Amino acid sequence: MAFSIDPPGFYLVERRNEMLPPLLTSNLCSLVEGQDRLAFSVLFLIDEKGFVIKEEFQKTIINSRKTLTYQQAQDIIDDPTDQSELAEKLRLLLFLGKQIRKRRKAKGALELASADVQIIKKQLQQQQQQQQQQQGAAAAEFAAAAATAEGIDVALYQARETNKMFMSFHLFYLTCFI
Numbered sequence: 001m002a003f004s005i006d007p008p009g010f011y012l013v014e015r016r017n018e019m020l021p022p023l024l025t026s027n028l029c030s031l032v033e034g035q036d037r038l039a040f041s042v043l044f045l046i047d048e049k050g051f052v053i054k055e056e057f058q059k060t061i062i063n064s065r066k067t068l069t070y071q072q073a074q075d076i077i078d079d080p081t082d083q084s085e086l087a088e089k090l091r092l093l094l095f096l097g098k099q100i101r102k103r104r105k106a107k108g109a110l111e112l113a114s115a116d117v118q119i120i121k122k123q124l125q126q127q128q129q130q131q132q133q134q135q136g137a138a139a140a141e142f143a144a145a146a147a148t149a150e151g152i153d154v155a156l157y158q159a160r161e162t163n164k165m166f167m168s169f170h171l172f173y174l175t176c177f178i
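With the first letter of the sequence shown counted as 1, position 78 gets the number 78 in the UniProt record's numbering; the numbers rise by one all the way through.
Right under this line is the structure:
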């Protein structure tokens, strides 16, 4: 199972903002499902406690079999009926991520936990339907024009175990060579 360290960008809640042209960050320099990518890879053999037993640097060809969001990965992990190879590998990565995070905390790592704010867009369909019922056919034109309008709501973003898992491996990789 491969984790890619994304090309430069920064993340807001569930949204990535690119610092390089999209052709590079979303295509040429990214793992794209079903496409071969040439890479310089660091392969780690890790024991069940998250200790590195062996590391190798290799020129590789990576062909990502599946692209998942954090939520999709979490849903697969949480589904007890899913015994697929992907589910088993995700559960193993989650376990190892927890071990790595536990070791990092034991060494005194600072973990900054702050609430992320999520901006939620919502359709105004209910309002449009109510207007049509109350105002009749005269409001139909207004409702049609407003059909593309979106409302906005704000909520706290609930981080999933998969968010923490990915961050654990990101930090693991970045600190292996310090």
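Where a beta carbon is used, it is the ideal one built from N, C-alpha and C, also for glycine.
Model, not experiment: these values are computed from the prediction.
### Query
Looking at C-alpha atoms only, which residue of Ala-87, Glu-55, Ser-41, Phe-169 is the closest neighbour of Arg-104?
Nearest option by C-alpha distance: Phe-169.
### Query
How about Gly-108 and Phe-166: do their beta carbons lie closer than 9 Å?
No, the pair does not count as a contact, with Cβ atoms beyond the cut-off.
### Query
Quick one: is Thr-175 buried, meaning 16 or more other Cβ sit within 10 Å of its Cβ, or exposed?
Burial state of Thr-175 is exposed, judged by a 10 Å Cβ sphere holding fewer than 16 other Cβ atoms.
### Message
Please state whether the Cβ-Cβ distance between Leu-86 and Ile-76 is less than 9 Å.
### Response
Yes, the pair counts as a contact, with Cβ atoms nearer than the cut-off.
### Message
Can you tell me whether Thr-162 is helix, strand or coil according to DSSP?
### Response
Note: Thr-162 maps to helix in three-state DSSP.
### Query
Can you find at least 3 beta carbon pairs, one from the stretch 45–52 and one from the stretch 15–33, that sit closer than 8 Å?
Because the criterion of three Cβ pairs below 8 Å is not met, the stretch 45–52 and the stretch 15–33 do not touch.
### Task
List the whole-angstrom C-beta distance separating residue 264 from Phe-177, where the pair is believed to meet the contact cut-off of C-beta under 8 Å.
In the structure displayed, the chain extends from 1 to 178; residue 264 sits before or after that span and is not available.
### Beta-carbon gap between Thr-69 and Ser-41 smaller than 9 Å
Not in contact: Thr-69 and Ser-41 (Cβ atoms no closer than 9 Å).
### Message
Can you look up Met-19 in the DSSP assignment and give me helix, strand or coil?
### Response
DSSP places Met-19 in coil when its eight states are reduced to three.
### Message
Buried or exposed, going by whether 16 or more other CB atoms sit within 10 Å of the CB of Thr-67?
### Response
The residue is exposed, with fewer than 16 neighbouring Cβ atoms inside 10 Å.
### Query
Got a sec, what are the start and stop residues for the beta strand (DSSP E) Leu-94 sits in?
Note, Leu-94: premise wrong, no beta strand (DSSP E); alpha helix (DSSP H) at 85–106.
### Query
Thinking C-alpha only, which one of Asp-78, Leu-45, Arg-37, Phe-44 is nearest Ile-62?
When only C-alpha atoms are compared, the closest one is Arg-37.
### Task
Kindly indicate which three-state DSSP category Phe-142 falls into: helix, strand or coil?
Model confidence at Phe-142 stands at a pLDDT of 48, short of 50, so the residue's coordinates are unreliable and nothing is read from them.
### Task
Could you pull the start and end residues of the alpha helix (DSSP H) that Ala-73 belongs to?
70–78 is the extent of the alpha helix (DSSP H) around Ala-73.
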